[in-house]
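Okay, so here's the structure we're looking at.
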Amino acid sequence: MNKQWEYPYPEIDPDICKGCKLCVAACPKNVLVISSKLNSKGFHYSEYVGEGCIGCGNCFYVCPEPSAVTVYLRNYVEGEVS
Ligand code: SF4
Ligand code: SF4
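Using numbering that gives the first Met the number 0, read the sequence shown as starting at 0 and increasing by one per residue.
Dropping the structure here:
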């Protein structure tokens, strides 16, 4: 990711994503899309459009790939576990 989005926002690791689209379908705000670009495994990966996320976590919960999706909420503090 090249920029710091405003909280809340999802972060998707393009090289772990398999492009199954479950997160795209599960997002109530339609802010996830499948990229036209391919990742290192040859999949079109999911990416955030850059605004509109409400931090519901649906994308995290439906994703079958461990660690592909992280959702950062407004109270996120790096290095702090709450
Ligand atoms: S946390 Fe919710 S609103 Fe934000 S991208 Fe994921 S599914 Fe969409
Ligand atoms: S649910 Fe996970 S593997 Fe599927 S497209 Fe979304 S981030 Fe990629």
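Glycine included, each C-beta is placed from N, C-alpha and C at the ideal position.
Asked, Found
"Could you give the DSSP three-state label for Val-23: helix, strand or coil?", "helix"
"Helix, strand or coil for Val-70 per DSSP?", "strand"
"Which class does Tyr-158 belong to by DSSP, given the choice of helix, strand or coil?", "Here the chain comprises residues numbered 0 to 81, so residue 158 is not present and cannot be evaluated."
"Closer than 8 Å by C-beta to Leu-72: which residues in its own chain qualify, once you throw out the five before and the five after it? Chain order, please.", "Tyr-6, Pro-7 and Gly-54"
"Starting from Glu-46, follow its DSSP beta bridges and name the residues at the other end.", "Val-32"
"Can you list, in chain order, the residues of its chain whose CB lies under 6 Å from that of Pro-13, leaving out five sequence neighbours each side?", "Asn-38 and Tyr-44"
"Could you check what DSSP says for Asp-12 in three-state terms: helix, strand or coil?", "coil"
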